[in-house]
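Accompanying notes for the structure given below.
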Amino acid sequence: MSVRTKKTEAYTLANRPPKESWGRHFRKYWQLYAMMALPVLYYIIFRYLPMAGNIIAFRRYRAGSSIFGDEWRGLDYFGQFINDSNFWQAFRNTLLLNFEYLIISFPLTIILALLLNEIKNVRFKKVVQTISYLPHFISMVILAGIVRELLSTSGPINNLLTSLGFDAISFISLPEWFPTIFVTSGVWQGIGWGTILYLAAMTGINPELYEAAALDGANKFQQCLHVTIPAILPTIATLLVLNIGQLCGSAAFEKVFLLYNPTTYETADIIGTYVYRMGLVSGNFSYATAVGLFQGIINLVLLTAANWASKRLTGSSLY
C-alpha cells in the first residue's frame, strides 16, 4: 500500500462523521418507529405467539386441560394422517387447485398489465382499471353466493343451456366441475388487482429505452418483449416465488369452504377444509395441528426451492 493511499484512508477516517447512537436516531425518527409499531405488534401477537400452540401436534390435547397438552405422544399424530387416504386426497387437491390457478392467472395478470400499460387514453385506462379492480373488493361470501346463483340448475347459465336444447347441469354438485369453477372465479376476482405491482414497476422504465428500440425498428410487440418484460423481470420473479410458496397453502380456504359439499370432496377438499373438519368439527385438535404443521413445512420447502431457483436463473430473489 502506497504512502498516498495510507494518508487518504487516514484523512477519510479522521473526517468521518461520528456514528449516531440508537437513542438519538430513535428521537430523530420516532414518527417512523411509531408507524412501525402496530404492524410489528400485529405479527408478534397473531403470527408468532400462536406458534407456541404447535406443541400440541406432539402432545395429546383435551378440552379443559392445559393449552399445551397433558400427555406426550411424539409423532403418533403424524403417522395417523400419513396413513389416512383422505389426507392425501386433500393434499393432492390443494396442490392441483393452486397449481392450476397459478399457471392460468399468473400469465394472464402479466398480459393484462402489459395491455393496460399500452393504453394512451388516460380516461379509458382508468375506467378499465376500475372495472378490473372492483371484483377484488367483493367479499368471499358474496362471491360464493354469486357463483352459486349463476351455476344453480335454475340460474342464467343453465337457462341458456336449456334454451339451446341442452340438459341442465348441476355444476356445484359435480366434482369434475369444481376445479373450473375455482379457477375461473379466482381469475375474475383477482386478475385486475394483481396488475398493480406490475404497472408500478413499469412506471420506472426509462422512456428513452422505448425511443431507442423504436429507432432500431422495433414494433410495439418487440418493445414489450425486449424492453418492458426484462425491466419488470425482478418483480415477476419475486411474485412467482411468493405464489409457489403458497401452492400448498390454505389461502383459498374461504372460497372452497363456501362452495364445496360432500359430493365434491373428491376434487374440492383441501388441507384447510380437512383441518377444519378434523379440528373444529371432530374435536381432534392435536391431529389437526399436526396436519397444519406439516403443511407449513411443505410451504417452507417450496418457498426455499423457488427462491433458490429464481436466484440461479434470474438473479432476483426474496433473500
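Following the working numbering, the numbering of the sequence shown begins with -14 at its first residue and continues without gaps.
Every residue gets a Cβ at the ideal spot worked out from N, C-alpha and C, and that includes glycine.
Residue i classed as buried or exposed, judged by whether at least 16 other C-beta atoms fall within 10 angstroms
i, result
"Ile67", "exposed"
"Gln174", "buried"
"Gly277", "buried"
"Met21", "exposed"
"Ile52", "exposed"
"Lys240", "buried"
"Phe156", "buried"
"Ser50", "exposed"
"Gln280", "buried"
"Thr252", "buried"
"Asn83", "buried"
"Leu60", "exposed"
"Tyr304", "exposed"
"Leu(-2)", "Reliability of the predicted coordinates at Leu(-2) is poor, the pLDDT of 48 falling under 50, and the value obtained from them is presented with this limitation in mind. By the 10 Å Cβ count, Leu(-2) comes out exposed."
"Tyr183", "buried"
"Val286", "exposed"
"Leu298", "exposed"
"Thr165", "exposed"
Residues sharing a beta bridge with residue i, DSSP
i, result
"Glu56", "Arg45"
Presumed contact (8 Å Cβ cut-off) between residue i and residue j, rounded CB distance
i, j, result
"Arg58", "Arg44", "6 Å"
"Val172", "Tyr195", "Not quite, the Cβ-Cβ distance comes to about 29 Å (not below 8 Å), so this is no contact."
"Leu244", "Val132", "6 Å"
"Ile176", "Leu97", "6 Å"
"Ser301", "Pro219", "4 Å"
"Gln65", "Asp254", "So it is not a contact: roughly 17 Å between Cβ atoms."
"Ile104", "Lys110", "4 Å"
"Leu136", "Ile142", "6 Å"
"Ile221", "Phe76", "The Cβ separation is near 28 Å, so there is no contact."
Spatially closest choice to residue i from the options, by CA coordinates
i, options, result
"Asn78", "Phe167, Ala129, Leu136 and Ile30", "Phe167"
"Ile229", "Leu218, Glu196 and Thr289", "Thr289"
"Asn246", "Leu101, Tyr18 and Phe163", "Phe163"
"Phe63", "Lys296, Trp293 and Tyr272", "Tyr272"
"Glu85", "Thr299, Ile104, Asn292 and Leu232", "Leu232"
"Tyr259", "Ala42, Ala48 and Asp69", "Asp69"
"Leu87", "Leu200, Phe53 and Leu227", "Leu227"
"Thr223", "Asn269, Lys296 and Met263", "Lys296"
"Thr180", "Tyr118, Arg12 and Arg108", "Tyr118"
"Ala42", "Gln16, Glu193 and Thr274", "Thr274"
"Gln208", "Ser139, Gly54 and Met187", "Met187"
"Glu161", "Leu17, Ile40, Leu81 and Ser267", "Leu81"
"Ser158", "Thr138, Gly150, Thr169 and Asp152", "Thr138"
"Ser170", "Leu146, Val126, Leu184 and Asn204", "Val126"
"Asn39", "Leu136, Phe270 and Val286", "Phe270"
"Trp178", "Ile95, Pro35 and Gly264", "Ile95"
"Arg262", "Phe242, Ala48 and Ala19", "Phe242"
"Asn292", "Leu225, Tyr46, Ser124 and Met36", "Leu225"
In chain order, each alpha helix (DSSP H) run of at least 4 residues that lies wholly inside the region 66 to 104: Entirely contained in the region 66 to 104, the alpha helix (DSSP H) runs reaching 4 residues are, in chain order, 70 to 103.
Can you give, in chain order, each stretch of the alpha helix (DSSP H) that sits fully within the region 197 to 280 and has at least 4 residues? As far as the region 197 to 280 is concerned, its whole alpha helix (DSSP H) runs of at least 4 residues are 205 to 208, 214 to 229, 238 to 244, 250 to 253 and 256 to 261.
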